[in-house]
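As you go down the protein sequences, you meet chains Y and G in turn.
Numbering follows numbering that gives the first Met the number 0, with no gaps: position 6 of the first sequence is 5.
Numbering follows numbering that gives the first Met the number 0, with no gaps: position 219 of the second sequence is 218.
All C-beta atoms, glycine included, are put in the ideal place defined by N, C-alpha and C.
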Amino acid sequence: MILIGLNTIIFYNNYFNEYPKKLSNIWFNDPGIRIVSKEAYEILLKSPSRNLFFNTPESSFIYHNLYRINPNDAFYGNGILSMVFSIDDETKPLPKKDDLILIQEPFDPSKTSNKIKYLHRTTNKYASTQYGAGLIEIE
Amino acid sequence: MDLFFLRVLSNPLSFPFLMLVYFCCILMILVKLTKEMIASCKNKFNTILSLSIISFLLSSSLIFYNFYNMPKAGFEIDDGIYAIGSFVLKNSGVDNQNNTKVFPFFPCSEIKYHEKSIYSVSLRSLPAYSQSYVQCFIKPGFESIKLENALFSLFSSVLVGFTFFMISGKVTQSLFCSSLFNIIPWVHLMANLHPEGSAYLFGSSCFLFAFYYYLIKKSFLSYVNLLLSMIMFFLSWAPAFIVLPVSIIGFTILVSFYSKSDRLLMLRFFISSVLVLFFIYIGFHEEYGFKWNLGRAASLGCLPGLSPFDYQLIFEGLKNNWHIYLTDYFGYLSPEFLFLCGDGNLRHNSGFGGQVLLSLAVAFYFALYFFGTKKINIHYKILFLYLLITILPYSLCTEGYRTAFLHLPLHAMRQSAMIIPVVLIIMVGLVKIHEYNKNTLIFI
């Protein structure tokens with residue numbers, strides 16, 4: 000019992016302190032995407048003339064805003080989702096001024112426009128790399 | 000009342016309705032067993048019992064510690080598609096791909112932007128509809144996915160405890176068994192991964208618990224519970240497509256052989272199980288989701304010839320690769336995988352030793368030694384057989400990170416059903432060590 004107890008304490012110490020660092024360095028599930036996805040939703044809601052392009056997993060924008068997306072829109076991809084395009088989608092409209100880009104780094108801005116401005120950038124506090132997630136505006 | 004519940008109640012043959020019936024059924028059983036537990040420890044409330052209760056509560060709360068801040072171990076898109084698919088099912092009753100059936104048994108999920116699908120997968124019913132239920136109580140998204148995983152782990156630990164209570168009849172030991180389950184690194188990792196893996200773990204615990212309960216109580220309630228648990232398990236994840244049928248055959252043969260008085264009981268179990276699986280197959284084998292699940296199992300090298308079914312291809316695969324399958328199979332029982340290094344992928348391993356705490360290694364192998372050398376009762380035989388069966392699906396699979404020493408492609412997440420027998424066997428080992436050393440301080 001004493002041995003198991005000691006082993007458990009050492010494991011939990013490792014699991015809660017060291018494991019997140021190891022995990023963040025090998026795997027992309029950046030908590031920053033949650034923050035910038037929510038921010039992108041709020042901006043789109045205020046200015047519906049803008050489009051959002053994403054360079055993140057396909058689900059990110061809907062997933063992190065699911066609690067405020069109309070079920071009907073999630074079903075058909077209408078409403079606010081009709082303003083969202085994948086950066087790799089060849090049929091997407093041409094990015095214009097004030098459009099937004101949701102990114103997961105590393106990111107190549109030449110895919111859209113070279114004139115960009117960071118509205119918000121996050122870094123993963125656990126990861127040793129400087130990569131993070133961001134919300135960019137085209138100037 | 001949420002519209003989802005009304006829709007579920009008006010579709011009594013749907014999977015979410017069966018889930019409700021199953022949860023009512025298991026709740027009744029757990030209440031009965033709890034009463035038995037209380038009766039068995041009346042006037043025996045002592046320090047060890049209170050310690051076991053505290054350890055269970057403490058270990059359970061650790062599953063929820065730092066809950067939302069821990070980085071998620073899975074692909075974001077895999078979690079996302081479950082949350083979105085379940086959200087659509089909850090709010091519309093149909094999936095957004097094949098939207099003709101209300102609460103389909105094999106639902107699909109699509110990510111759509113401006114009415115165009117850009118990503119689609121087939122969901123597994125148990126994790127998908129569980130997520131719909133969770134979303135009734137908490138806002139959908141990252142939080143609901145995390146909570147679902149943690150709840151699956153917590154419910155599994157409760158069922159493991161009750162299973163051990165049926166095996167041993169001791170309340171203290173069963174509470175310690177639940178605590179043991181909760182502190183195992185493998186369980187914590189499953190609680191932080193995809194819903195499918197934890198649903199598979201939960202399904203496995205449901206099935207084993209239901210089988211023991213059926214064997215011991217022999218009541219109508221236990222029979223209904225067993226049938227429902229089989230459906231839950233079968234629709235939790237693709238590996239159950241192999242584990243469940245093999246378990247049915249294995250358990251029937253084993254119990255009929257060793258316990259003559261239970262032969263009629265096992266005959267009833269076998270016929271009903273075959274009928275349940277037959278109806279699921281007949282009813283759904285043409286569905287996209289069923290084919291997708293089976294096809295994925297086949298494409299991962301899990302059994303060439305499985306989809307489309309080709310008997311000769313399966314036979315040839317087994318014949319040509321038997322030595323690889325055999326090495327993989329025993330790799331899952333090796334100290335390297337279980338106690339020293341574990342899965343090479345840090346999504347499935349905490350990087351701190353193996354899948355299970357190193358200090359439990361002696362108990363595990365001692366229990367295996369005990370099973371092999373002593374005349375053991377039928378309950379231990381079932382446990383041992385279940386361990387051997389749960390290893391089966393992904394020992395036939397070449398997917399997985401190479402482990403450190405053995406260089407075998409072992410996959411801890413897809414073998415999550417194995418956690419249940421492993422923990423129970425470790426607990427048996429600890430109890431046996433205690434019995435051999437009653438006067439020493441090893442077990443206190």
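Beta-carbon proximity of residue i to residue j, cut-off 8 Å
i, j, result
"Arg-49 (chain Y)", "Leu-99 (chain Y)", "yes"
"Gly-353 (chain G)", "Leu-339 (chain G)", "yes"
"Ile-432 (chain G)", "Ala-360 (chain G)", "no"
"Phe-180 (chain G)", "Val-422 (chain G)", "yes"
"Val-133 (chain G)", "Leu-146 (chain G)", "yes"
"Tyr-331 (chain G)", "Ile-381 (chain G)", "no"
"Tyr-393 (chain G)", "Gln-414 (chain G)", "yes"
"Leu-407 (chain G)", "Arg-401 (chain G)", "yes"
"Ser-349 (chain G)", "Leu-405 (chain G)", "no"
"Leu-174 (chain G)", "Phe-16 (chain G)", "no"
"Asp-309 (chain G)", "Leu-409 (chain G)", "no"
"Ala-416 (chain G)", "Tyr-199 (chain G)", "yes"
"Val-159 (chain G)", "Ser-177 (chain G)", "yes"
"Leu-88 (chain G)", "Ser-58 (chain G)", "no"
"Leu-226 (chain G)", "Ser-271 (chain G)", "yes"
"Ile-102 (chain Y)", "Lys-116 (chain Y)", "no"
"Leu-266 (chain G)", "Thr-171 (chain G)", "no"
"Asn-6 (chain Y)", "Leu-19 (chain G)", "no"
"Cys-24 (chain G)", "Asn-224 (chain G)", "yes"
Exposed unless 16 or more other CB atoms sit within 10 angstroms - verdict on residue i
i, result
"Leu-429 (chain G)", "buried"
"Thr-90 (chain Y)", "exposed"
"Ile-443 (chain G)", "Note on Ile-443 (chain G): pLDDT 43, under 50, position unreliable in the model; no value is reported."
"Ser-143 (chain G)", "buried"
"Phe-66 (chain G)", "exposed"
"Glu-109 (chain G)", "buried"
"Glu-285 (chain G)", "exposed"
"Arg-346 (chain G)", "buried"
"Thr-251 (chain G)", "buried"
"Ser-228 (chain G)", "buried"
"Asn-376 (chain G)", "exposed"
"Trp-236 (chain G)", "buried"
"Ile-53 (chain G)", "exposed"
"Val-30 (chain G)", "exposed"
Residue interval of the alpha helix (DSSP H) (run including residue i)
i, result
"Ser-119 (chain G)", "No alpha helix (DSSP H) holds Ser-119 (chain G); the beta strand (DSSP E) holding it covers 115-121."
"Leu-51 (chain Y)", "Unbroken run through Leu-51 (chain Y) is the beta strand (DSSP E), 51-54; no alpha helix (DSSP H)."
"Asp-261 (chain G)", "Looking at the DSSP string, Asp-261 (chain G) is not in any alpha helix (DSSP H), and its letter there is neither H nor E."
"Cys-23 (chain G)", "14-39"
"Tyr-379 (chain G)", "377-389"
"Thr-111 (chain Y)", "Run containing Thr-111 (chain Y): none; DSSP gives neither H nor E here."
"Gly-475 (chain G)", "Outside the displayed range of chain G (0 to 443) lies residue 475 (chain G), so it cannot be described from this structure."
"Tyr-64 (chain G)", "No alpha helix (DSSP H) contains Tyr-64 (chain G), which DSSP labels as neither H nor E."
"Leu-207 (chain G)", "194-216"
"Gly-31 (chain Y)", "30-45"
"Trp-445 (chain G)", "Since the first residue shown for chain G is 0 and the last is 443, residue 445 (chain G) is missing from the structure and cannot be characterised."
"Asn-12 (chain Y)", "1-16"
"Asn-90 (chain G)", "75-91"
"Thr-251 (chain G)", "239-257"
"Val-421 (chain G)", "418-435"
"Gln-130 (chain G)", "124-134"
Residue range of the beta strand (DSSP E) that includes residue i
i, result
"Ser-85 (chain Y)", "83-85"
"Ala-132 (chain Y)", "131-137"
"Glu-109 (chain G)", "107-112"
Identity of the residues DSSP links to residue i by a beta bridge
i, result
"His-119 (chain Y)", "Y:Leu-134"
"Leu-101 (chain Y)", "Y:Phe-53 and Y:Leu-134"
"Pro-408 (chain G)", "G:Arg-401"
Cutoff 8 Å: residue i Cβ touching any chain B Cβ
i, result
"Ser-46 (chain Y)", "The chain labelled as chain B is not found among the protein chains of the depicted structure, namely Y and G."
| query | With contact counted as at least three CB pairs below 8 Å, one residue from each stretch, are the segment 161-175 of chain G and the segment 109-126 of chain G in contact? | reply | no
| field | Sufficient close CB pairs (3 or more, under 8 Å) joining the segment 192-211 of chain G to the segment 234-242 of chain G | value | yes
| task | Please confirm if the segment 81-90 of chain Y is in contact with the segment 39-54 of chain Y, defined as three or more CB-CB distances below 8 Å between the two stretches. | result | Yes: the two stretches touch, three or more of their Cβ pairs being nearer than 8 Å.
| said: I want to know whether the segment 92-109 of chain Y touches the segment 31-45 of chain G - three or more CB-CB distances under 8 Å. | reply: no
| request: Inspect the CB distances between the segment 128-136 of chain Y and the segment 101-108 of chain G and report whether three or more fall short of 8 Å. | output: no
| Three CB pairs or more closer than 8 Å across the segment 91-102 of chain G and the segment 69-79 of chain G | no
| said: Does the contact criterion of 3 or more C-beta pairs under 8 Å hold for the segment 311-325 of chain G versus the segment 33-40 of chain G? | reply: no
| Between the segment 5-16 of chain G and the segment 214-223 of chain G, are three or more C-beta pairs nearer than 8 Å? | no
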